[in-house]
Amino acid sequence: LAYIEWFMPFPSAPDQHSGLYKLSQSFHGGEKLASIMPLANILRSVHLILNFGAVIPQEWMSDTVLDDCNIFWLNLYLDRYTFCLFK
25 LAYIEWFMPF
35 PSAPDQHSGL
45 YKLSQSFHGG
55 EKLASIMPLA
65 NILRSVHLIL
75 NFGAVIPQEW
85 MSDTVLDDCN
95 IFWLNLYLDR
105 YTFCLFK
């Protein structure tokens with residue numbers, strides 16, 4: 025089994041400056057939307073890059089940053105397949 029935190033659907037086009045897709049986490053009732061699902065249902069993983077803006081918030085720590093950040097970039101350059109899939 026795997027714990028999955030859900031994100032909003034991809035925007036129709038990547039960011040015009042970075043060329044990356046900006047993703048935001050899905051919430052329901054103020055809580056992150058998450059599920060437990062069988063590993064057999066997962067097609068592939070992705071690599072997300074934190075969107076921290078011009079300055080990284082000092083309160084972000086390595087053990088809590090995924091809880092603190094709600095906006096991420098999809099790393100299209102992780103591997104050739106991912107690059108070809110989104111370009």
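Going by our numbering, the sequence shown opens with residue 25, and the numbers climb by one from there.
Beta carbons are placed, not taken as given, at the ideal position from N, Cα and C, and that holds for glycine.
How many angstroms separate the CA atom of residue i from the CA atom of residue j?
i	j	result
I112	S50	Examination of residue 112 is not possible in this model, given that the chain is present from 25 through 111 alone.
L102	P81	25 Å
C93	H52	17 Å
I73	V79	15 Å
Q40	L63	34 Å
H71	L90	13 Å
R104	P38	18 Å
G54	R68	28 Å
Between residue i and residue j, is the Cβ-Cβ spacing less than 9 Å?
i	j	result
L19	N99	With the chain covering only 25 through 111, there is no way to say anything about residue 19.
K46	N75	yes
With respect to the beta strand (DSSP E) encompassing residue i, which residues constitute its N-terminal and C-terminal limits?
i	result
Y45	45-48
L72	72-74
Y27	26-29
Rounded C-beta distance between residue i and residue j? I'm assuming under 8 Å.
i	j	result
S48	F31	7 Å
W97	S42	7 Å
Y27	I60	6 Å
Please list the terminal residues of the continuous alpha helix (DSSP H) segment that includes residue i.
i	result
F34	That residue, F34, is in no alpha helix (DSSP H); it is neither H nor E in DSSP.
Counting Cβ pairs, one atom from each stretch, are 3 or more of them under 8 Å apart for the region 76-90 and the region 100-109? Contact check between the region 76-90 and the region 100-109: fewer than three CB pairs, one atom from each, fall below 8 Å, which does not count as touching.
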